[in-house]
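Heads up: the structure comes next, in structure tokens.
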Amino acid sequence: MIVRGACAALLVLALTTPAGAHKLVEPGSPEKVADGAFRATSGTTWNRLQQSEGKYQEVWTIDGHKLNRLAFYGGVPAGKPLVKERDKKRDPLPKVTESMLLPDVPNLVERTYRTQYDIPIFNIGKQEPATLGGKEGIRFEYTYVDPGDEVERRGEAYAAIEGGKLYLVTFEAPSLHYFARDAAEVRSIVKSVTLRP
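So the sequence shown is numbered by this note's numbering: it starts at 85 and just counts up by one.
Rendered as structure tokens:
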């Protein structure tokens, strides 16, 4: 019964995603991403959403951002948040700092989600060294529940700091079906990433 209800919720999410709010990312050719901060190559067709939540962000999706969301945050400098703040006075977002270390990035993401998206349940999982664009980085996993649809989402993120700027790639999708379906494709894209500091 729970699975049937979750599947119905996912179907509603898919049907409510606006059509036409994207450009196609064709497989096999390197794409400039996040205003040229990255280059990445996909193995399948993605939709590049035209709306973003800030100057440094670009979002790709296959089925709609509620079902699979690959976000690139390119070259976020010290003193800036990951996304545009809704209310700087009442709900200020955490900022990238000059002294930020790679182990600080998961906390930055968690605090951003809790504040910007009103996410009460956000858990950081496994953290390990990784590379992003050939640079020393961190990979971490997370889960959260959006109170708007009560669907648990699973996430995986890769980050590097280069030239005092944060480069971050996050992927998230409902834990049921979509995350496992798209994770290998996302990891392939992450391996293809080059940074343009």
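Think of the CB as a built atom: it goes at the ideal place given N, C-alpha and C, for glycine as much as any other residue.
Practice task
Kindly indicate if chain B contains any beta-carbon less than 8 Å away from that of Glu169.
Solution key: Among the protein chains of the structure shown there is no chain B, as only one such chain exists.
Exercise for the section: Within its chain, find whatever has a CB closer than 8 Å to the CB of Glu194; leave out the 5 residues flanking it on each side and keep chain order. Expected result: Position 110 of the sequence shown, counted from the start, is the residue given in the question as residue 194. Result list for Glu194: Phe206, Ile208, Tyr226, in chain order.
Practice task
Give me whichever residues DSSP pairs with Val109 in a beta bridge.
Solution key: Translated into the one-based positions of the sequence shown, residue 109 becomes position 25. According to DSSP, which records beta bridges pairwise, Val109 is partnered with Trp130.
Practice task
Please determine if the segment 254–261 and the segment 151–165 are in contact, where contact requires at least 3 C-beta pairs separated by less than 8 Å.
Solution key: Taking 8 Å as the limit for Cβ pairs, the verdict is that the segment 151–165 does touch the segment 254–261.
Problem - Cα-Cα separation, Lys139 to Lys172 - result: For the purposes of this step, residue 139 is taken as the residue at position 55 of the sequence shown. For the purposes of this step, residue 172 is taken as the residue at position 88 of the sequence shown. Separation of Lys139 and Lys172 (C-alpha to C-alpha, rounded to the nearest whole angstrom) is 16 Å.
Exercise for the section: Indicate whether Arg280 and Arg123 have their beta-carbon atoms separated by less than 8 Å. Expected result: Stepping through the sequence shown from its first residue, residue 280 is reached at position 196. Stepping through the sequence shown from its first residue, residue 123 is reached at position 39. Yes, these two residues count as a Cβ contact at 8 Å.
Handout entry: Other residues of its chain near Asp119: CB distance less than 7 Å, five sequence neighbours each side excluded
Key = The count along the sequence shown starts at 1 and reaches residue 119 at position 35. Scanning its chain for C-beta atoms nearer than 7 Å, with the 5 sequence neighbours on each side dropped, one finds around Asp119 the residues Gly158, in chain order.
Practice task
Within its chain, find whatever has a CB closer than 7 Å to the CB of Leu186; leave out the 5 residues flanking it on each side and keep chain order.
Solution key: Taking the first residue of the sequence shown as position 1, residue 186 is located at position 102. So the list reads Gly221, Ile222, Ala243, Ile245, once near-sequence residues are dropped.
Exercise for the section: State the Cα-Cα distance for the pair Ala241 and Val229, rounded to the nearest angstrom. Expected result: Translated into the one-based positions of the sequence shown, residue 241 becomes position 157. Translated into the one-based positions of the sequence shown, residue 229 becomes position 145. CA-CA distance, Ala241 to Val229, rounds to 17 Å.
Exercise for the section: For the beta strand (DSSP E) containing Arg153, list its first residue and its last residue. Expected result: Locating residue 153 in the sequence shown gives position 69, counting from the first residue. For Arg153, the uninterrupted beta strand (DSSP E) segment begins and ends at 153–160.
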